[in-house]
Amino acid sequence: MKSANIQLETLVCPSCTQKIDGALKSLDGIKEDTLKISFATSKVRFDFDEEAVRIEDIEKAINKVGFEVIKSRVK
Ligand SMILES: [Cu+2]
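Its first residue numbered 981, the sequence shown is counted upward by one per residue in this note's numbering.
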């Protein structure tokens, strides 16, 4: 299990977090109970199974709902 910390472009309204939440929960391999999206800091944190999903695919899923990833850190 890996843990991801993603800095997004500044989110402009709280419904942005719902879109991102939906996009991430639709992917396999993300531990939903660890998923935290902060509107205040535009950051996303979660644990994921690197055998099931790659960070690149997670970033793509975020891009697909209209948000840019500034930086992502996996450890
Ligand atoms: Cu919004």
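Where a beta carbon is used, it is the ideal one built from N, C-alpha and C, also for glycine. It should be emphasised that the depicted structure is a prediction, and the values quoted were computed from it without experimental measurement.
- [ ] Report the residue from Val1054, Ile1038, Arg1053 whose alpha carbon sits nearest the alpha carbon of Asp1008.
- [x] Ile1038
Task: Beta-bridge partners of Gln998, as assigned by DSSP - done: DSSP lists no partner for Gln998.
Task: Glu1031 versus Lys999: straight-line alpha-carbon distance, rounded - done: 25 Å
Task: Distance between beta carbons of Glu1036 and Leu988, contact taken as under 8 Å - done: In fact, because the Cβ distance is near 16 Å, the residues do not count as touching under 8 Å.
Open item on the list: Please state whether the Cβ-Cβ distance between Ile1010 and Phe1028 is less than 8 Å.
Closed with: Cβ atoms of Ile1010 and Phe1028: closer than 8 Å.
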